[in-house]
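First comes the structure, then the notes that go with it.
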Amino acid sequence: MNKEYVYVNGKVTIIDDKKEKRQEEYYDNLDKVLVKENVIERINKQIDELEMKVNQYKRSRSNKLFCLIPLLGGIIASLIGPLLVISMTTGQNLTSLVLDNSYSDYVLSFTLKVFPFGLSLGTIMSVMEYLQYRKHLKEEKGVSSQLDYLNQQLKIEKDKLEVLQKDKSKEKEDRQARIVKVNEIEELKKMRSELAQYYELGYNIDKYYHYYMQGKLEDKMPDNINIDFAKNYIKQKKLTKKD
9 MNKEYVYVNG KVTIIDDKKE KRQEEYYDNL DKVLVKENVI ERINKQIDEL EMKVNQYKRS
69 RSNKLFCLIP LLGGIIASLI GPLLVISMTT GQNLTSLVLD NSYSDYVLSF TLKVFPFGLS
129 LGTIMSVMEY LQYRKHLKEE KGVSSQLDYL NQQLKIEKDK LEVLQKDKSK EKEDRQARIV
189 KVNEIEELKK MRSELAQYYE LGYNIDKYYH YYMQGKLEDK MPDNINIDFA KNYIKQKKLT
249 KKD
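The numbering used here runs 8 ahead of the 1-based position in the sequence shown.
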């Protein structure tokens, strides 16, 4: 990241955040070029971070059928558990308990008492797993929405940088020696605001699409989301896919 540059007699020494230096001729667009380079570097870094997040979400929700495992475990434990307890209590092995009719009423009675508990516990745990699955799915949509935006923005910023670099004019050159800080905060502030909007719309796209179709989007949309931006996003992500 470009941190600052030192200007002396028409030449600049650019210093990055690792204190490495490079020299260039001064030109009027230099400040804008260095800011744009920082913005592009930050976008690339954030793209890498978000891609890692998406992959983590995909791994964590690899198969929603896994949500049924606690339920199946509860059922199986309810059926086998009583046999194991009775086996330990009576000293009989499992095969004898299954084949010996003298224990059948005892096993059945015990199983019927335990089964509702096992079924309830397994159901609760499966529901919790499914809710977590749904949460990760929505988070993945939110992050994927941000990734789409950043990839588009990266191309736009690179095109802007190319235009700035082509203009090497020195019509506004100030010959006074100076140290100039590179400040990309204002440009990044706008990008962060848009990133937050993309995440919110991606995360809740199904809900907002429902409101949009009902004509209630303006009433339901959070204050930090631009309504025209939201409508265009929904049209792009939902309506165009249906055509």
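By construction, the Cβ of each residue, glycine as well, lies at the ideal position given by its N, Cα and C atoms. It should be emphasised that the depicted structure is a prediction, and the values quoted were computed from it without experimental measurement.
Nearest to residue i (by Cα), restricted to the options the options
| i | options | result |
| --- | --- | --- |
| residue 139 | 64, 27, 75, 204 | 75 |
| residue 184 | 13, 239, 17 | 17 |
| residue 117 | 78, 89, 35, 144 | 89 |
| residue 81 | 56, 66, 143, 128 | 128 |
| residue 163 | 14, 55, 12, 24 | 55 |
| residue 24 | 238, 9, 159 | 9 |
| residue 205 | 235, 123, 144 | 235 |
| residue 87 | 122, 239, 11, 177 | 122 |
Residue i (DSSP reduced to helix, strand or coil)
| i | result |
| --- | --- |
| residue 193 | helix |
| residue 67 | helix |
| residue 214 | helix |
| residue 84 | helix |
| residue 186 | strand |
| residue 234 | coil |
| residue 228 | helix |
| residue 250 | Its pLDDT being 48, under 50, residue 250 is placed unreliably by the model, and the measurement read from it follows with that caveat. In this structure, residue 250 counts as helix in the three-state DSSP scheme. |
| residue 15 | strand |
| residue 167 | helix |
| residue 24 | strand |
| residue 46 | helix |
| residue 33 | strand |
Whether residue i touches residue j by CB criterion (8 Å)
| i | j | result |
| --- | --- | --- |
| residue 46 | residue 171 | no |
| residue 195 | residue 62 | no |
| residue 126 | residue 210 | no |
| residue 246 | residue 213 | yes |
| residue 157 | residue 202 | yes |
| residue 161 | residue 133 | no |
| residue 155 | residue 59 | yes |
| residue 131 | residue 79 | yes |
| residue 42 | residue 13 | yes |
Own chain, CB closer than 6 Å to residue i, minus 5 neighbours either side, in chain order
| i | result |
| --- | --- |
| residue 40 | 172 |
8 Å CB neighbourhood of residue i in its chain, flanking five on each side removed
| i | result |
| --- | --- |
| residue 165 | 44, 47, 48, 51 |
| residue 288 | Because the chain is modelled from 9 through 251, residue 288 falls outside the range shown and cannot be assessed. |
| residue 242 | 209, 213, 216, 217, 220, 225 |
| residue 233 | 205, 208, 209 |
Proximity test, residue i beta-carbon vs the ligand GTP heavy atom, cut-off 7 Å
| i | result |
| --- | --- |
| residue 163 | The ligand GTP is absent from the structure shown, which contains no ligands of any kind. |
CB contact below 8 Å: residue i versus chain D
| i | result |
| --- | --- |
| residue 192 | The chain labelled as chain D is not found in the depicted structure, where only one protein chain is given. |
Cβ-based neighbour list, residue i, same chain, cut-off 7 Å, excluding 5 preceding and 5 following
| i | result |
| --- | --- |
| residue 37 | 172, 175 |
| residue 177 | 35, 36 |
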